[in-house]
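K.L.:
Per my numbering, residue 3 is the first one in the sequence shown, and the count goes up by one each step.
Even for Gly, the Cβ is constructed at its ideal location relative to N, Cα and C.
As the structure is a prediction and not an experimental result, all values here were calculated from the model.
Please see the structure below; I have some questions.
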Amino acid sequence: METYLLYLAHLFGGIATLSFFYSDMQEDDAKLDRYYTIGNFFFLIHLLFLKSFVPAITVFLAILRNGLNRKYEDNKYIKYTFVVIFSGIFFWALFFTEHWSLALPASVSLIMTFAFLYTQGNMLTYLSILCSVLWTIVGVHIGSYSIIAVEAGSILLLIYRYFKQNRNSLAAVGDTAV
Numbered sequence: 003m004e005t006y007l008l009y010l011a012h013l014f015g016g017i018a019t020l021s022f023f024y025s026d027m028q029e030d031d032a033k034l035d036r037y038y039t040i041g042n043f044f045f046l047i048h049l050l051f052l053k054s055f056v057p058a059i060t061v062f063l064a065i066l067r068n069g070l071n072r073k074y075e076d077n078k079y080i081k082y083t084f085v086v087i088f089s090g091i092f093f094w095a096l097f098f099t100e101h102w103s104l105a106l107p108a109s110v111s112l113i114m115t116f117a118f119l120y121t122q123g124n125m126l127t128y129l130s131i132l133c134s135v136l137w138t139i140v141g142v143h144i145g146s147y148s149i150i151a152v153e154a155g156s157i158l159l160l161i162y163r164y165f166k167q168n169r170n171s172l173a174a175v176g177d178t179a180v
């Protein structure tokens, strides 16, 4: 890959990173989803420049999933369709790609589909942390410093989100312990 294309790839990866960080700081689930989707758009471009096509397909579908879910929030057919699509991609990647780590983006997409469509609050945060760990492995495998940086930062920010969401209940536990 030519040097300027690599720099351009990492520029888009950096923009995605900033958007993901901002997303992870949101206490409101709808805002987290909105900024996560914006980050995915720049992340898609990053992956295309790196010629990492299986992860790029899953990110494109995640953008589509989040957009359709926002527009048709209670449509069970859209939810089931994306669960089936990401399950199919996961099993295809698991059995037909040359390296097992290429199945991880599909598994992350399947987990995040479930998380965004069926969970909220703490469970959404837990599943997002799990997905960040899996994406870190993908980043190491494809040599994407942007992915590694965003996922390490996301894990820390998601832990912050957890404490921010639960500050009242954690304070109550602290008060009863005294």
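1. Between L106 and I139, is the Cβ-Cβ spacing less than 9 Å?
2. Taking its Cβ as the centre, do 16 or more other Cβ atoms sit within 10 Å of V86, making it buried, or is it exposed?
3. Would you decide whether Y74 is buried or exposed? Buried here means 16 or more other CB atoms lie within 10 Å of its CB.
4. Count the other C-beta atoms from every protein chain shown that fall within 10 angstroms of the C-beta of M114, then say buried if there are 16 or more, exposed otherwise.
5. Can we say the region 135-151 touches the region 44-57, given the rule of at least three CB pairs closer than 8 Å?
6. Quick check: what's the CA-CA separation for D31 versus L50?
7. Is it buried or exposed for F98, if we count other Cβ within 10 angstroms and need 16 for buried?
8. Below 8 Å on the Cβ atoms is my contact criterion, and I expect A245 with F88 to pass it. Report the Cβ-Cβ distance as a whole number of Å.
9. If we ignore side chains and look at the alpha-carbon of each, how far apart do I161 and Q28 end up?
10. Sorry if obvious, but does the Cβ on Y82 come closer than 8 Å to a heavy atom of the ligand GTP?
11. With DSSP collapsed to three states, give me the class of D30.
12. With distances taken from CA atoms, which of Y120, I144, V142 and I157 is nearest C133?
13. Under a three-way DSSP split, which group does D76 fall into?
14. Count the other CB atoms, across all protein chains shown, that sit within 10 Å of the CB of Y9; report buried if there are 16 or more and exposed otherwise.
15. Please state whether DSSP places Q167 in a helix, a strand or coil.
16. Out of I91, W102, I17 and S25, state which residue places its alpha-carbon closest to the alpha-carbon of I131.
17. Taking C-alpha atoms, which residue in H12, H48 and A64 lies nearest to F116?
P.N.:
Put simply:
1. Residue 106 sits at position 104 when you count from the first residue of the sequence shown. Residue 139 sits at position 137 when you count from the first residue of the sequence shown. Inclusion of L106 and I139 in the CB contact set at 9 Å is warranted, their separation being smaller than that value.
2. Stepping through the sequence shown from its first residue, residue 86 is reached at position 84. Per the 10 Å Cβ criterion, exposed.
3. Sequence index remark: in the sequence shown, residue 74 carries index 72 (1-based). With fewer than 16 neighbouring CB atoms inside 10 Å of its own CB, Y74 falls in the exposed class.
4. The residue you call residue 114 lines up with position 112 of the sequence shown. Buried.
5. When Cβ pairs closer than 8 Å are counted between the two stretches, the region 135-151 is seen to touch the region 44-57, the count reaching three or more.
6. Taking the first residue of the sequence shown as position 1, residue 31 is located at position 29. Taking the first residue of the sequence shown as position 1, residue 50 is located at position 48. Between the alpha carbons of D31 and L50 lies a distance of about 28 Å.
7. Here residue 98 refers to the residue found at position 96 when the sequence shown is read from its first residue. The residue is exposed, with fewer than 16 neighbouring Cβ atoms inside 10 Å.
8. Look at the range of the chain in this structure, 3 to 180, and you will see that residue 245 is not part of it.
9. Locating residue 161 in the sequence shown gives position 159, where the first residue counts as 1. Locating residue 28 in the sequence shown gives position 26, where the first residue counts as 1. Going by the C-alpha atoms only, they are around 12 Å apart.
10. This structure simply doesn't include the ligand GTP, nor any ligand for that matter.
11. Looking up residue 30 in the sequence shown gives position 28. Coil.
12. Sequence index remark: in the sequence shown, residue 133 carries index 131 (1-based). Closest option to C133, Cα to Cα, is I157.
13. Along the sequence shown, read from residue 1 onward, the residue named residue 76 stands at position 74. Under the three-state reduction of DSSP, D76 is assigned to coil, being neither helix nor strand.
14. Along the sequence shown, one-based indexing puts residue 9 at 7. Label assigned to Y9: exposed.
15. The residue given as residue 167 occupies position 165 in the sequence shown. Of the three classes helix, strand and coil, the one that applies to Q167 here is helix, per DSSP.
16. As a first step, residue 131 must be located in the sequence shown, where it is residue number 129. It is S25.
17. For this step, residue 116 is matched to residue 114 along the sequence shown. For the residues H12, H48 and A64, the minimum Cα distance to F116 belongs to A64.
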